[in-house]
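The listed protein sequences correspond, in order, to chains A and B. For the first sequence, the residue numbers in my numbering are 5 to 258. For the second sequence, the residue numbers in my numbering are 238 to 752. Even for Gly, the Cβ is constructed at its ideal location relative to N, Cα and C.
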Amino acid sequence: MTEAIVLDQVSKTYGGRAVLAPTSLTITKGRFVALVGGSGAGKTTLLKLMNGLSVPSAGRVLLDGADIAAKPGPELRRGIGYVFQEIGLFPHMTVGQNIGVTPELLGWPADEIAARTDELLDLVALPREIAGRAPSQLSGGQRQRVGVARALAARPAILLMDEPFGALDPVTRAALADDVRALHERLRLTTVMVTHDVGEALLLADEVVVMANGQVLAQAPPCALLAGHSDPVVAQLIAAPRRQAERLAELARG
Amino acid sequence: MADRLSAALAALPERLGWHVALSASALALGLSIALPLGIAAARSPRLKWISLATAGLVQTIPSLALLALFYPVLLLLSGLATKVLGHGFPALGFLPSLLALTLYSMLPILRNAAAGVSGVDPAVVEAARGVGMTDRQRLWRVELPLAAPVIMAGVRTAAVWTIGAATLSTPVGQTSLGDYIFSGLQTEDWVAVLVGCAASAGLALIVDGLLGLIEAGVARRDGRRLWAGGAGLAIGLLAAIAPLAGAALSQGRPTYVIGAKNFSEQYILAELMAGKLEARGASVQRRVNLGSAVAYRALASGEIDAYVDYSGTLWANVLNRTDNPGRQAVRDGLRTELKARDGVVLLSALGFENAYALAMRRDRAEQLGVKTLADLATKAPDLVMGGDLEFFSRPEWAAVVKAYGLSFKAKRQFQPTFMYRALASREADVISAFSSDGRIAADDLVLLGDPKGALPPYDAVILVSPKRAGDRRLLDALTPLGGSIDVKAMQAANYAVDRDTGKKSPAEAAAQLVR
Chain A
5 MTEAIVLDQV SKTYGGRAVL APTSLTITKG RFVALVGGSG AGKTTLLKLM
55 NGLSVPSAGR VLLDGADIAA KPGPELRRGI GYVFQEIGLF PHMTVGQNIG
105 VTPELLGWPA DEIAARTDEL LDLVALPREI AGRAPSQLSG GQRQRVGVAR
155 ALAARPAILL MDEPFGALDP VTRAALADDV RALHERLRLT TVMVTHDVGE
205 ALLLADEVVV MANGQVLAQA PPCALLAGHS DPVVAQLIAA PRRQAERLAE
255 LARG
Chain B
238 MADRLSAALA ALPERLGWHV ALSASALALG LSIALPLGIA AARSPRLKWI
288 SLATAGLVQT IPSLALLALF YPVLLLLSGL ATKVLGHGFP ALGFLPSLLA
338 LTLYSMLPIL RNAAAGVSGV DPAVVEAARG VGMTDRQRLW RVELPLAAPV
388 IMAGVRTAAV WTIGAATLST PVGQTSLGDY IFSGLQTEDW VAVLVGCAAS
438 AGLALIVDGL LGLIEAGVAR RDGRRLWAGG AGLAIGLLAA IAPLAGAALS
488 QGRPTYVIGA KNFSEQYILA ELMAGKLEAR GASVQRRVNL GSAVAYRALA
538 SGEIDAYVDY SGTLWANVLN RTDNPGRQAV RDGLRTELKA RDGVVLLSAL
588 GFENAYALAM RRDRAEQLGV KTLADLATKA PDLVMGGDLE FFSRPEWAAV
638 VKAYGLSFKA KRQFQPTFMY RALASREADV ISAFSSDGRI AADDLVLLGD
688 PKGALPPYDA VILVSPKRAG DRRLLDALTP LGGSIDVKAM QAANYAVDRD
738 TGKKSPAEAA AQLVR
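If you want it as structure tokens, here you go:
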């Protein structure tokens, strides 16, 4: 089976207002998929439906062919990595405790958790000695690296990321994005990333899902989208970064 | 001064012990109710609104009234329990104090728990869900640790409030540091009042400091402070209640409980009765400073075994009579009706009367030409009337007003000690005095005549509880007191306790009273 995540006619209403129209979407195993769109497009809602942080008003979500509604939420989420826009490290725990939190919930032995923590710090290119520090002692970029390490701690097959680089400066952002893409390859993950930065999505992802007003308008590889799209909203969204890239190329040529 | 201080300090271990035991139990109980409620309130806006509004409402009830209200409620419940289960429980003392203080301690804990938990960063709460925590794990591992400093601040506030309010448990019969304050205020023993205030304030400061240490330990995740604060509290608690446990082990239960209302004469008479019983080898517990209405009901329900009350008071307030058939008829009526209604035994009259009587300074009375209540009626519109805390709500006042058509310029209420002071300083022209009060002779006051007999007689009588009605040792010890005290002797004894210099303790005055 190659379908990692299947959304089957899922929709979401909050207090009578539809934030997500009935939507079907399939994400193939091993792909790096970016969800793009303006604010209020429904990207984060769609992402949260995939690990049960949000429950659909109608429709089904299947992971590896199984309906996630059949599994208790906490148990489901322990098997899926999740990176938050606000990072959300627990301020009363050390960096090491933050990284080891899901393995601990799963009942791993302490020495195994400690070994895994070291391994993950290496993986996200952080020095091992920061394991004993408080999150408040780290820089923004270091904190989000810890956030990624925490998401990967229990060896999930799926990694969900909600604007993971949103709060970072451009240099840190590019470096971390490259590292995450590399981790995706190395760990053979299925990755879904929400971003409002279309350029970032086109550069990182295998496949881009364009959303607006609670609807999916397009799902295609970056090169296909760059070649042009019939939907005017999608075309407009893609046009901006392409124009930017062309002008940068002209400037570089001199 | 020094001997009054040492006398006051001698009672400290017992009073402090009870004060600590009471405050700690109330706080523990309050915490165990308010903390879960506060956490639940953080999740539900409706529950938050209801619980905070209710706790806030409780807080607006004056604490003394809250304590007093629990007594009749518990008495009723105890009566029901006796009917249904065949077993009552004490409605006086520890239980009503504990319940009232528990209610009182809840608001700050509730408010801070709700604010602390709902104030946790939503991103952190979402992250807790995202990494796979259940609701319970999120509460225990993330929300409570992060809300702990705010919750501890609420516990600190609650502790200080509770320790302060616990001094008010004295009138419902619970020994506390308030005994110093209530008795001291009554007998003008300012040394005792100061000892009570200082001990209560000192206790509050120490507890606040130790809880502050715990709060800092929680906030900075500093295990040493946490342990130091916790150990300090535990050691202090054990040290404070150790004397109680020691006393309980060495003495066992007291055989008899002698009650007293909240004024000097009552303290002296309680000591007198207790002394007679102790002379016969009985162990006696004293429950002093009971509210006037509380005392009779405590006796009827058997929580105290004997105390002294006054025939007119019982006639008007217990039997709700407004007529005045004469001294002997009132006594005979009480003897049969109290026995028939509550099983209470009117043992004997002590031989003196402590009547409600309106009193004036001699110079003022002569200047106005007032000798009786009838004379007073014409002058009253220009005069200020001072009453003790209950006088204006008693049937006797209504009877006097009705009989003589009294209408004063103003009415003011005083604690009895200050009522006499107000008369001296001319803040009141007429006061509701007690005829056996030593200050009448000492301050040269005149008691106004009552030609229409509006005020009933107030013979001091010993009352015995239904369960002691056939107790030979008690009856043999107290019966000889009948007719043994005349009003001059009682006035002298009262004055010995109330005066400013050469003060005697109630026990000393009692010893002199029956020589």
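For residue i, tell me which candidate among the options has the shortest Cα-Cα distance.
| i | options | result |
| --- | --- | --- |
| B/G549 | B/V683, B/A566 and B/A543 | B/A566 |
| B/W380 | B/V357, B/M389, B/T371 and B/G316 | A small correction: the amino acid at residue 380 of chain B is Glu; Trp does not occupy that position in the sequence shown. Of the listed residues, the one whose Cα sits closest to B/E380 is B/V357. |
| B/L610 | B/A586, B/S585, B/A640 and B/V581 | B/A640 |
| A/T194 | A/V10, A/R21, A/G34 and A/V23 | A/G34 |
| B/W552 | B/R631, B/W464, B/G623 and B/G449 | B/R631 |
| B/F629 | B/A476, B/R241 and B/L643 | B/L643 |
| B/V494 | B/D372, B/V354 and B/L329 | B/L329 |
| B/D680 | B/L294, B/S501 and B/R658 | B/R658 |
| A/H200 | A/G56, A/L39, A/G83 and A/S140 | A/L39 |
| A/F2 | A/A231, A/R251, A/P245 and A/V212 | Missing from the structure shown is residue 2 of chain A; chain A here goes from 5 to 258 and no further. |
| B/L440 | B/P250, B/A748, B/L718 and B/N561 | B/P250 |
| B/F331 | B/P408, B/R461, B/A747 and B/L289 | B/P408 |
| B/L442 | B/S662, B/W398 and B/A365 | B/W398 |
| A/G218 | A/T6, A/E108, A/Q13 and A/P174 | A/Q13 |
| A/P95 | A/G136, A/L110 and A/E79 | A/G136 |
| B/V751 | B/L506, B/L289, B/N499 and B/L431 | B/L506 |
| A/R247 | A/I72, A/L125, A/G111 and A/G203 | A/G203 |
| B/F589 | B/A396, B/M727 and B/V310 | B/M727 |
| B/G686 | B/M370, B/E502 and B/D612 | B/D612 |
| B/V428 | B/N557, B/K740, B/E745 and B/T394 | B/K740 |
| A/D168 | A/L241, A/R159, A/D183 and A/P107 | It should be pointed out that residue 168 of chain A corresponds to Pro in this sequence rather than to Asp. Of the candidates A/L241, A/R159, A/D183 and A/P107, the one whose C-alpha sits nearest the C-alpha of A/P168 is A/D183. |
| A/G42 | A/V65, A/V214 and A/A224 | A/V214 |
| A/A224 | A/A178, A/P139, A/L172 and A/L29 | A/L29 |
Could you pull the start and end residues of the beta strand (DSSP E) that residue i belongs to?
| i | result |
| --- | --- |
| B/I784 | For chain B, the structure presents residues 238 to 752; residue 784 of chain B sits outside this window and is missing. |
| A/K16 | E7 to Y18 |
| B/K648 | A647 to Q650 |
| A/G218 | Looking at the DSSP string, A/G218 is not in any beta strand (DSSP E), and its letter there is neither H nor E. |
| A/R185 | Here A/R185 belongs to no beta strand (DSSP E); instead the alpha helix (DSSP H) covers P174 to R190. |
| B/D546 | A543 to Y547 |
| A/A171 | Segment: none, A/A171 is in no beta strand (DSSP E) and carries neither H nor E. |
| B/A594 | Y593 to R598 |
| B/V567 | Here B/V567 belongs to no beta strand (DSSP E); instead the alpha helix (DSSP H) covers R564 to D579. |
| A/T194 | T194 to V198 |
| A/V37 | F36 to V40 |
Please list, in chain order, the chain A residues whose beta carbon lies closer than 9 Å to that of residue i.
| i | result |
| --- | --- |
| B/L463 | Ordered by position in chain A, no residue passes the 9 Å Cβ test against B/L463, which lies about 13 Å from the chain. |
Which stretch, first to last residue, makes up the alpha helix (DSSP H) that contains residue i?
| i | result |
| --- | --- |
| A/E254 | P236 to R257 |
| B/M622 | Where B/M622 is concerned, there is no enclosing alpha helix (DSSP H), although the beta strand (DSSP E) it sits in stretches over V621 to G624. |
| B/I287 | P282 to T297 |
| B/I346 | F331 to S355 |
| A/T48 | K47 to M54 |
| B/R534 | S529 to A537 |
| A/V152 | G144 to L156 |
Run down chain A in chain order and give the residues with a C-beta less than 8 Å from the C-beta of residue i.
| i | result |
| --- | --- |
| B/P382 | H96 |
For residue i, return the contacting residues in chain B, with the cut-off set at a CB-CB distance below 7 Å.
| i | result |
| --- | --- |
| A/V105 | V368 |
| A/P78 | G369, M370 and T371 |
Could you name the residues of chain B that residue i contacts, counting a contact when the two beta carbons are closer than 8 Å?
| i | result |
| --- | --- |
| A/L109 | V368, G369, M370 and Q374 |
| A/R154 | V368 |
Which residues in chain B have a C-beta closer than 9 Å to the C-beta of residue i? List them in chain order.
| i | result |
| --- | --- |
| A/G116 | With the sequence shown as reference, residue 116 of chain A is identified as Glu, and Gly is not the correct amino acid for it. Under the 9 Å cutoff, chain B gives no residues; its nearest Cβ is about 17 Å from A/E116. |
| A/E90 | D358, P359, A360, V361, E363 and A364 |
| A/Y18 | Under the 9 Å cutoff, chain B gives no residues; its nearest Cβ is about 16 Å from A/Y18. |
| A/R81 | R366, G367, V368, G369 and M370 |
| A/L57 | E363, R366 and G367 |
Using a cut-off of 7 Å between C-beta atoms, extract the partners of residue i located in chain A.
| i | result |
| --- | --- |
| B/V379 | F94 |
Original post:
Would the segment 335–347 of chain B and the segment 271–285 of chain B be scored as touching if the rule is three or more Cβ pairs under 8 Å?
Top reply: yes
Subject >> Ordered list of alpha helix (DSSP H) runs contained in the segment 454–523 of chain B, each at least 4 residues >> reply: 460–488 and 501–516
Subject >> Continuous alpha helix (DSSP H) assignments of at least 4 residues falling wholly in the segment 59–107 of chain A >> reply: 77–82 and 99–103
Original post:
For the segment 445–460 of chain B, which residues have a CB atom closer than 9 Å to at least one CB atom of chain D, in sequence order?
Top reply: Structure shown: chain D not included; protein chains present are A and B.
Original post:
In the segment 361–435 of chain B, which residue ranges form an unbroken alpha helix (DSSP H) of at least 4 residues, counting only runs that do not cross its ends?
Top reply: 372–375, 381–402 and 415–424
Subject >> Three or more C-beta pairs below 8 Å linking the segment 652–670 of chain B and the segment 560–574 of chain B >> reply: Contact between the segment 652–670 of chain B and the segment 560–574 of chain B is absent, because fewer than three Cβ pairs lie under 8 Å.
**OP:** May I have a chain-ordered list of the beta strand (DSSP E) segments no shorter than 3 residues that lie completely inside the segment 665–725 of chain B?
**Re:** For the segment 665–725 of chain B, whole beta strand (DSSP E) runs of length 3 or above, ordered along the chain, are 667–671, 682–684 and 696–701.
Subject >> At least 3 beta-carbon pairs within less than 8 Å: the segment 149–160 of chain A vs the segment 113–132 of chain A >> reply: yes
Original post:
Would you call the segment 710–727 of chain B and the segment 574–593 of chain B touching, i.e. three or more CB-CB distances under 8 Å?
Top reply: yes
**OP:** Evaluate contact between the segment 282–300 of chain B and the segment 459–477 of chain B, counting only Cβ atoms and requiring at least three cross-stretch pairs below 8 Å.
**Re:** no
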